[in-house]
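As structure tokens, the structure follows; a few thoughts come after it.
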Amino acid sequence: MNFSLNRIKSQNQMTNIYIGSALLILSILDVFLNSFFRINISGSLPGNLSIFFPLILGFLGLSYLRTEYSGYKFLDSLNKNINTTNFNAFLTLFITFAILKAFPPALSWMVLDANISGDTKEACTGTGACWTYIKVWFKRFMYGMYPNELHWRINSAFLLVIGLGFVGYFFKENLKKYLALYYVVIYPIIAFLIIYYLISGGSFGLVWVETGAWGGLSLTFIVSFFCLIFCFPLGMILALGRRSNLPAVRYISVGYIEFWRGVPLITVLFMSSVMFPMFLPQDFFMDKLVRVIIAITLFEAAYCAEVIRGGLQALPRGQYDAAKSLGMGYWKMHIFVILPQALKLVIPGIANTFLALVKDTPLIFVVGLAEIAGMLALAKTNPKWLGFAMEGYIFAAIIFWIICYAMSKYSYNLEDKYKTER
Amino acid sequence: MNNKIKRFLPQLLTILFVVFVFGFFTINAQTNMDNRGIDFGFGFLSQEASFDMQFTLLDYDGQDSYLWAYVVALLNTLLVSFLGIIFCTILGVIIGIARLSQNFLIKNSAAWYVEFFRNIPLLLQIFFWYYAALRALPLPENAQPWFGVTYMTIKGYYIPSMIWENLNVFMSCLIAAIVAIVFIRIYAKKVQENEGKQLPVFYISLALITVLPLLSFLIGGVTLDFEMPVLKQLAQTSFIFEGGVALPPELIALVLALSLYTSTFVAECVRAGIQGISKGQKEAAASVGLTPNQILKLVVMPQALRIIIPPTTNQYLNLTKNSSLAAAIAYPDLVLVFAGTALMQTGKAIEIVGITMLTYLSISLAIAALMNWYNKRIEIKEK
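Right under this line is the structure:
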């Protein structure tokens with residue numbers, strides 16, 4: 011193939027470049043006009059040839075352009091990156107044309123033919139997406155059935171919790187040693203109190219809002235936040251237990267970790283909603299949301315424990331020996347020497363666990379909590395708004411994608427940062 | 012003495028704590044069940060299930076027992092996992108290799124594919140395929156055939172079914188071929204070790220696996236017929252396909268979402284595995300005179316697989332566990348049928364959730380044990 015294509019090439023390099031770029035531009039122009047303006051310049055060709063015409067043209071063009079070195083910066087980088095072999099050239103053209111073909115329909119569906127004005131289904135007259143649906147339901151997707159006039163409570167609770175999270179950065183040098191204490195013990199308690207008193211209310215003159223009304227994206231955040239801060243200490247204990255040299259402690263930790271890692275989250279949620287109430291004392295009532303948070307925490311703690319164990323194993327033995335030779339006991343050694351170093355190592359891993367946790371939270375929909383997936387299901391079956399499932403899921407997908415992508419990039423950054431420091 | 016107490020006391024406390032928690036739960040459960048008049052036991056498994064399932068691999072109807080419903084539902088779960096694993100492996104390997112391509116466009120498209128499908132919760136993906144994408148398919152009467160004989164409609168994917176005669180003869184021929192290939196491989200290895208000669212094992216195997224089953228058609232009396240799906244009019248505007256095999260949209264949505272989602276993780280494993288082989292290995296192999304094919308087969312792949320297989324198995328395990336999301340779109344898998352319908356009907360929360368969890372747990376532990384065995388086997392044995 012290569013041989014025969016080389017034979018049709020001219021000896022003069024400039025001629026090759028002219029012919030090649032002309033063919034390539036013609037092929038791209040054909041696809042471009044075809045998909046954007048519905049003009050088919052190769053329409054006169056018979057049947058299937060018309061479809062493959064730009065592909066053949068572009069392929070010839072790229073093979074004319076392929077040279078060792080031309081002296082033109084653009085052309086050389088083109089050859090080096092997307093035009094090394096015939097196979098590569100073919101894939102390049104295929105991907106380029108696929109993007110060109112797919113772009114106009116996607117654009118017209120999402121933007122050009124879409125509607126966003128109005129407040130009812132009737133406003134959506136175009137053939138494109140109906141963003142009016144998202145606009146009308148936006149508050150429900152974000153806050154669930156939480157009363158509209160009380161949304162400020164959720165917002166301010168989140169702002170307060172996030173703000174308190176950053177307090178650690180402003181600790182003075184002499185307070186730095188309490189940083190871990192703050193984040194592991196004090197911060198979770200304060201955050202819990204804030205969310206409890208602000209969002210559910212019932213005191214300080216705030217109206218009580220039962221957890222059944224919580225929902226939407228804010229519930230996702232609440233659940234994943236609490237599960238994270240509770241599963242971390244539990245995971246730490248389990249990780250230490252798994253590396254303990256006391257057989258009973260070790261076997262119980264291993265059993266716990268392997269059990270929770272072996273079952274799917276959905277069965278854990280079923281357990282929390284139907285089986286767990288059987289295990290509680292008779293008159294003891296526990297809210298469904300609390301049960302779900304406990305269940306996810308127990309589940310996630312097992313994963314957390316494995317991540318932390320990785321950090322503990324990565325520490326050189328010398329650290330343990332050095333701490334022991336200074337006469338430190340088990341707890342002193344771990345609190346002051348081992349854990350501070352190990353936890354620093356596992357921050358990226360914890361970020362990944364948290365990412366998985368956020369992606370898992372939509373599952374609570376299965377036990378009837380109206381998290382964003384639940385609100386979508388509710389909106390989808392509303393008789394006034396039938397037939398907009400696509401818009402709803404695309405909207406939710408975009409939101410989750412942005413959150414998760416940002417988090418995964420952040421955890422990559424952390425990984426790089428801590429890699430170089432050691 | 013002091014040391015002994017130090018070792019003994021924490022263990023005792025842990026055990027006491029665990030015993031206390033379990034005891035507390037057991038006593039509560041006992042009183043709760045006594046109050047509600049429920050008794051603990053697995054007798055319900057032999058009772059009549061009296062509910063129907065949309066899609067089954069084995070024969071099942073409402074008169075069968077709960078135990079049979081459990082088996083049928085478990086098979087449905089395994090079917091989804093099996094299909095998902097196959098497709099996610101194919102996709103994942105392609106994408107993983109594409110991410111290492113020299114071609115700027117291919118590399119970036121693969122990277123964006125991974126970033127895109129990895130960062131959207133699986134449940135939303137399943138919902139998207141089931142409620143949005145597959146609902147946009149044509150009705151049976153408007154469906155155009157794919158590949159001439161299969162029909163993709165809003166009610167599912169219709170493919171021709173195979174009707175075998177003397178299937179057991181065919182199967183025994185296939186098994187005989189596989190056994191023969193295994194023996195020939197062992198023999199070829201021995202020949203190579205003793206005499207240094209290489210037998211054309213690949214061609215012999217290929218010939219065996221095609222010729223033996225073919226022979227069963229020619230002289231074994233095996234026949235294979237296809238039953239095509241045919242459009243049938245039920246009423247003025249109601250059409251269905253009859254004949255053939257119907258794959259329900261739930262199954263398609265589930266397999267699509269699971270394999271797209273998991274393929275991104277498999278792709279990352281494959282990429283890491285191939286990147287983990289140092290260039291020196293390939294150069295060293297080339298310098299002792301191996302051909303590029305031999306380098307790939309004898310040097311690169313064995314080492315890359317050692318890195319790729321353990322995390323990939325983990326992903327397969329995740330896929331199997333994630334297949335329980337089927338319950339959200341009413342695909343009759345283990346969770347929906349057993350922990351959903353059966354639990355509602357019998358009210359045996361503890362037994363049923365317990366059995367469901369134990370089932371998944373045993374699948375996980377079995378695969379983990381297999382993995383540990385495999386890891387031990389392929390471990391680099393340093394002297």
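Sequence order for the protein chains is A and B. The opening position of the first sequence corresponds to residue 11 in my numbering, with each subsequent residue numbered one higher. The opening position of the second sequence corresponds to residue 12 in my numbering, with each subsequent residue numbered one higher. Even for Gly, the Cβ is constructed at its ideal location relative to N, Cα and C. Keep in mind that this is a model prediction, so the values were computed, not measured.
Indicate the three-state DSSP secondary structure (helix, strand or coil) for residue i in the structure shown.
{"i": "C414/A", "result": "helix"}
{"i": "F13/A", "result": "Confidence is the limiting factor: at F13/A the pLDDT is only 49, short of 50, which leaves the residue's position unreliable, though a coordinate-based value still follows. Three-state DSSP puts F13/A in a helix."}
{"i": "S270/B", "result": "helix"}
{"i": "W224/A", "result": "coil"}
{"i": "F139/B", "result": "helix"}
{"i": "D370/A", "result": "helix"}
{"i": "I29/A", "result": "helix"}
{"i": "V256/B", "result": "strand"}
{"i": "W218/A", "result": "coil"}
{"i": "E381/A", "result": "strand"}
{"i": "R432/A", "result": "In this predicted model, R432/A has a pLDDT of only 46, less than 50, meaning its place in the structure is not dependable enough to derive any value."}
{"i": "Y169/B", "result": "strand"}
{"i": "L24/B", "result": "helix"}
{"i": "S92/B", "result": "helix"}
{"i": "P149/B", "result": "coil"}
{"i": "S373/B", "result": "helix"}
{"i": "P287/A", "result": "helix"}
{"i": "E59/B", "result": "strand"}
{"i": "Y385/B", "result": "helix"}
{"i": "S80/A", "result": "coil"}
{"i": "P211/B", "result": "coil"}
{"i": "S254/A", "result": "coil"}
{"i": "P156/B", "result": "strand"}
{"i": "L349/A", "result": "helix"}
{"i": "S127/A", "result": "coil"}
{"i": "L219/B", "result": "helix"}
{"i": "C76/B", "result": "According to the sequence as given, residue 76/B is Ser; it is not Cys. Residue state, collapsed to three classes: strand."}
{"i": "R271/A", "result": "helix"}
{"i": "F19/B", "result": "helix"}
Between which two residues does the alpha helix (DSSP H) harbouring residue i extend?
{"i": "F252/B", "result": "Segment 250-253 is the beta strand (DSSP E) holding F252/B; no alpha helix (DSSP H) there."}
{"i": "D331/A", "result": "327-335"}
{"i": "F97/A", "result": "96-117"}
{"i": "A478/A", "result": "Residue 478/A falls outside the range modelled here, since chain A spans only 11 to 432, and no answer is possible."}
{"i": "V125/B", "result": "115-129"}
Since residue i meets chain A, which of its residues come closer than 7 Å, beta carbon to beta carbon?
{"i": "I263/B", "result": "In chain order: nothing, as chain A lies at least about 16 Å away."}
{"i": "R18/B", "result": "L256"}
{"i": "K332/B", "result": "P274"}
{"i": "S335/B", "result": "P274, I276, T277"}
I'd like the span of the beta strand (DSSP E) that includes residue i, first residue to last.
{"i": "W141/A", "result": "Looking at the DSSP string, W141/A is not in any beta strand (DSSP E); the run it does join, the alpha helix (DSSP H), is 141-153."}
{"i": "D236/B", "result": "234-238"}
{"i": "M163/B", "result": "161-164"}
{"i": "Q244/B", "result": "241-244"}
{"i": "E176/B", "result": "172-176"}
Find the residues of chain B that neighbour residue i, judging by a C-beta separation of less than 9 Å, and give them in chain order.
{"i": "F63/A", "result": "Under the 9 Å cutoff, chain B gives no residues; its nearest Cβ is about 21 Å from F63/A."}
{"i": "M400/A", "result": "F139, Y142, A143, A144, R146, A147"}
Show which residues of chain B have a CB atom less than 7 Å away from the CB atom of residue i.
{"i": "I105/A", "result": "L116, I117, S120"}
{"i": "M152/A", "result": "In chain order: nothing, as chain B lies at least about 16 Å away."}
{"i": "L101/A", "result": "N114, I117"}
Could you work out which residues of chain A lie near residue i, taking near to mean beta carbons separated by less than 9 Å?
{"i": "I320/B", "result": "Chain A residues near I320/B: none, gap ~19 Å exceeds 9 Å."}
{"i": "A338/B", "result": "I276, F280, V376"}
Give the residues of chain A in contact with residue i, contact being defined as C-beta atoms less than 8 Å apart.
{"i": "I26/B", "result": "A258, I262"}
{"i": "V346/B", "result": "P274, I276, T277, F280"}
{"i": "V91/B", "result": "Those within 8 Å of V91/B in chain A number zero; the least Cβ separation is about 13 Å."}
Contact set between the stretch 268-285 of chain A and chain B, restricted to residues whose Cβ is under 9 Å from the partner: E268, F269, R271, G272, V273, P274, L275, I276, T277, V278, F280, M281, V284, M285
Where the stretch 355-387 of chain B meets chain A: residues whose CB sits under 7 Å from a CB there: A360, I361, V364, T367, M368, Y371, L372, S375, L376
Contact residues within the stretch 286-297 of chain A, judged by C-beta distance below 7 Å to chain B: M288, F289, L290, P291, Q292
Positions along the stretch 121-135 of chain B whose CB lies within less than 8 Å of some CB in chain A: E126, F127, R129, N130, I131, P132, L133, L134, L135
Under 8 Å (Cβ pairs) to chain A, residues found in the stretch 40-61 of chain B: A40, T42, N43, M44, N46
Any alpha helix (DSSP H) of 4 or more consecutive residues that is wholly inside the stretch 300-342 of chain B: 312-333
Within 9 Å of chain B by C-beta, residues of the stretch 353-379 of chain A in sequence order: L365, V368, K369, D370, T371, P372, L373, F375, V376
Ranges of the alpha helix (DSSP H) found wholly within the stretch 146-206 of chain A, counting only runs of at least 4: 161-176, 197-204
Interface residues of the stretch 81-98 of chain A facing chain B [CB-CB below 7 Å]: N91, I92, T94, N98
Contact residues within the stretch 401-426 of chain A, judged by C-beta distance below 7 Å to chain B: Y403, A406, A407, F410, W411, C414, Y415, S418
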